[in-house]
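Quick note on our numbering: the sequence shown kicks off at 573 and runs consecutively.
Backbone N, C-alpha and C fix where the C-beta goes; we use that ideal spot for every residue, glycine too.
In what follows, a structure is listed as structure tokens, so that the remarks can point back to it.
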Amino acid sequence: MRCTVNSNSPRSQGPYSLSPPNHSLARRSPGRWILREQAAKTYRLELKDLDVIDPIERRVNPRGPAPIRKYNEQDVAALSRRLFAAADRVGDTLAVRSGASIVRSRALSTYPGLTRAQLDTIPPISVEPNPYSPNSAPMRYYNVRDIEALRVHMQKLKYEIQG
């Protein structure tokens, strides 16, 4: 018995199709694809970082309001390399330790108005491998004074913009 594939079958659509039906999507290359949340977790990116690249497929999510987005894994890896290369260039110089220090993750939770990008603008006092997870990003320690000064500066900018 011979099996034929119908053009309306699920195998002729989605990740198996040769070109995506929506022309505003990225051109599909013969490489692997990865889901948005999985890409963010695997390549240590934030979901908003993935908005820079176009997905290869976008479809309705039957289980939630956000659409399901698939990305070319090569595009995600290239984005990750670019972002972490920029962060490595910024982290080449270290600040002089003065007073109390705080680790990056604790600073983000203690000062909720600050973002990762804002913390990247000030130099850390030390960068050490993560002892809890060797595959994770290194631990960065900052002067508490620098973090507080950054927070005050960002609040001033916010009030100036709001007028």
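Can you tell me which of E732, I640, P706, L686 puts its alpha carbon nearest to the alpha carbon of I628?
I640
Name the two residues that bound the continuous beta strand (DSSP E) containing K642.
640-644
Where K620 and Y713 are concerned, what is the direct C-alpha to C-alpha distance, given to the nearest angstrom?
25 Å
Quick check: the Cα distance between T693 and D718, rounded to an integer number of angstroms?
11 Å
Determine the DSSP secondary structure at Y731, reduced to helix, strand or coil.
Y731: helix per DSSP, three-state reduction.
Going along the chain, which unbroken runs of the alpha helix (DSSP H) with 4 or more residues stay wholly within the region 629-712?
645-662, 676-682, 688-691
With I625 as the anchor, note down where its beta strand (DSSP E) starts and where it stops.
Unbroken run through I625: none, as it is neither H nor E.
Using the Cβ count rule (16 or more neighbours within 10 Å means buried), how would you classify V724?
exposed
Look up L607 in the DSSP assignment and give the residues it is bridged to.
K642
Could you pull out every residue in the same chain whose Cβ sits closer than 8 Å to the Cβ of G685, ignoring the five residues on either side in sequence?
The beta carbon of G685 sits closer than 8 Å to the beta carbons of R723, M726, Q727 from its chain, once the five residues preceding and following it are set aside; these are given in chain order.
With C-beta atoms as the reference, is A667 less than 8 Å away from P701?
no
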